[in-house]
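Numbering (our numbering), first residue to last: 139 to 333. Glycine included, each C-beta is placed from N, C-alpha and C at the ideal position. All values reported here derive from a predicted model rather than from experimental measurement. Single-structure report; data block below.
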């Protein structure tokens, strides 16, 4: 009796985990597509770090949480900001110096792992967010894969395939149990008939 209870618990936990994985993958894919490529959770953006310029604090392939918006002239030396270095290239580096140039505020920046500061100071209008200190190593590779067409398709199909496979497995186990019960019933009837 205990073995069946344990199997039921394992079955329920497995089903629950598969559903959670499916919901998480669905959330990542939908939020990525809805936000134009950058997932957002409660006003925080998730960015993928694909270089080692901020190691060891932010490892290559990590995801980080950044807070967009607000006054982009508020930052101080030591803050880690995300900014456009070129037209479509986002960079997350630490501020080494705040430069007040007339009406403009600029930031000299440097990656913690880089030997030299970035070549050009960053205009405050090119800053898009500030790093919140939250990072998950290596999950960025998964997010980048989820952004691709093949990744989106796979992440939508894979959980369904897993659930379908698990359903087939559960049905086969149930059929096997029923066959054993029928066989035991038949054996019991044959034993009673022989008596």
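What is the DSSP secondary structure of residue i, counted as helix, strand or coil?
| i | result |
| --- | --- |
| residue 315 | helix |
| residue 154 | helix |
| residue 186 | strand |
| residue 196 | coil |
| residue 213 | coil |
Just the C-alpha distance for residue i and residue j, rounded to the nearest angstrom, thanks.
| i | j | result |
| --- | --- | --- |
| residue 142 | residue 311 | 12 Å |
| residue 244 | residue 295 | 46 Å |
| residue 165 | residue 313 | 35 Å |
| residue 208 | residue 153 | 43 Å |
| residue 246 | residue 285 | 31 Å |
| residue 236 | residue 198 | 27 Å |
| residue 331 | residue 324 | 10 Å |
| residue 218 | residue 226 | 19 Å |
| residue 192 | residue 264 | 19 Å |
| residue 230 | residue 156 | 35 Å |
| residue 298 | residue 206 | 35 Å |
| residue 308 | residue 151 | 13 Å |
Taking DSSP's pairing of strands, which residues face residue i in a bridge?
| i | result |
| --- | --- |
| residue 267 | 206 and 220 |
| residue 179 | 182 |
| residue 201 | 186 and 274 |
Practice prompt. Output the residue ranges of the alpha helix (DSSP H) runs that lie fully inside the segment 226 to 306 and measure 4 residues or longer, sorted by chain position.
Written response: Residue ranges of uninterrupted alpha helix (DSSP H) with 4 or more members, entirely inside the segment 226 to 306 and ordered along the chain, are 277 to 285.
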